């Protein structure tokens with residue numbers, strides 16, 4: 080059984096036991112979190128929400144609160160002596176899906 084959930088402005092297809100990285104969510108490592116915005120349930124009997132499936136939730140456990148690898152943001156205008164170099168590390172929350180259901 081799988082589900083499609085929405086969090087952080089993105090949609091994720093999740094199955095039980097899977098770990099994934101989502102946008103930063105409040106909570107401590109080891110605590111449980113519930114995703115209430117379930118868009119679709121799949122498996123033998125497929126349910127599609129309009130836009131959400133009411134009464135269905137996905138439960139996950141927070142595995143880590145960390146920052147991603149650094150990316151370099153470099154802006155340059157040729158022949159204008161304009162250069163800007165910046166770095167960015169995005170916060171993320173790694174969660175493990177523990178349950179899918181009503």
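In my numbering, the protein residues as written are 80 to 181. Cβ atoms here follow ideal geometry from the backbone N, Cα and C, with glycine treated the same way. Since the structure is predicted, the reported quantities are computational estimates derived from the model, not experimental observations.
Beta-carbon gap between residue i and residue j smaller than 8 Å
i	j	result
residue 102	residue 86	yes
residue 121	residue 81	yes
residue 174	residue 98	yes
Residue from the options with nearest C-alpha to residue i
i	options	result
residue 172	111, 114, 143, 91	143
residue 108	154, 170, 140	140
residue 95	127, 146, 137, 111	137
Whole-angstrom distance between residue j and residue i, CA atom to CA atom
i	j	result
residue 159	residue 149	27 Å
residue 176	residue 129	23 Å
residue 105	residue 170	11 Å
residue 155	residue 147	25 Å
residue 181	residue 145	30 Å
Using 8 Å as the cut-off, can you tell me whether the segment 111-125 makes contact with the segment 82-100, which would need three or more C-beta pairs spanning the two stretches below that distance? yes
Is there contact between the segment 131-138 and the segment 155-169, where contact requires at least three CB pairs shorter than 8 Å? no
Identify every run of the beta strand (DSSP E) within the segment 97-134, keeping only runs that are complete inside it and at least 3 residues long; order them along the chain. 98-102, 111-114, 117-121
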